[in-house]
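Written below as structure tokens is the structure these notes are about.
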Amino acid sequence: MDSGGTSDPYVIVFLTSDIRKKYETKVHRKTLNPVYNESFIFQVGCKNVDLVISVWDRDKVTKDDQIGKLFLSCRATGNQLRHWSDMLANPRRPMAQWHSLQPVEDHSSEEDLNHCTGLFIEVLWGWRR
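Going by the working numbering, the sequence shown opens with residue 77, and the numbers climb by one from there.
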């Protein structure tokens with residue numbers, strides 16, 4: 077969180093099967109409640125991958141801080157596994173769900189964790205032919 081009590085958040089999305097192909101949202105300046113309406117397309121040949129979604133705070137002076145992350149995959153648990161299963165069962169149909177972010181262990185203060193605790197995600201899954 078910035079000294080003014082806001083953040084400059086953005087999201088990084090990638091599949092564990094191809095970590096070289098990362099997508100990044102636009103940075104939303106000076107907000108604690110960003111809305112990302114962006115789409116990313118991955119070419120996926122199998123279902124046995126992890127979709128990794130991490131939220132970051134852009135910092136112009138020092139390195140960017142990771143706020144939290146989540147994984148959608150067959151190895152996930154709870155709501156994340158349910159979202160993954162629903163997505164696989166309904167190919168080419170958008171599946172939307174709210175997820176709590178997993179905190180990053182090296183936060184400098186508890187205050188950093190309080191400004192972004194969840195993420196609403198809509199995923200459309202389809203197989204490559």
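Glycine included, C-beta positions come from ideal geometry on N, C-alpha and C.
As the structure is a prediction and not an experimental result, all values here were calculated from the model.
- The continuous beta strand (DSSP E) containing histidine 175 extends over residues 171-176.
- Where glycine 144 is concerned, there is no enclosing alpha helix (DSSP H), although the beta strand (DSSP E) around it starts and stops at 141-148.
- Taking a cut-off of 8 Å for Cβ pairs, the segment 101-111 and the segment 149-160 do not touch, as fewer than three such pairs fall below it.
- DSSP lists Trp132 as the beta-bridge partner residues of tyrosine 86.
- Within the same chain, Thr101 come within 6 Å of glutamate 114 by CB-CB distance, once the 5 residues on both sides are set aside.
- Contact check for aspartate 135 against serine 83 fails: the beta carbons are separated by 7 Å or more.
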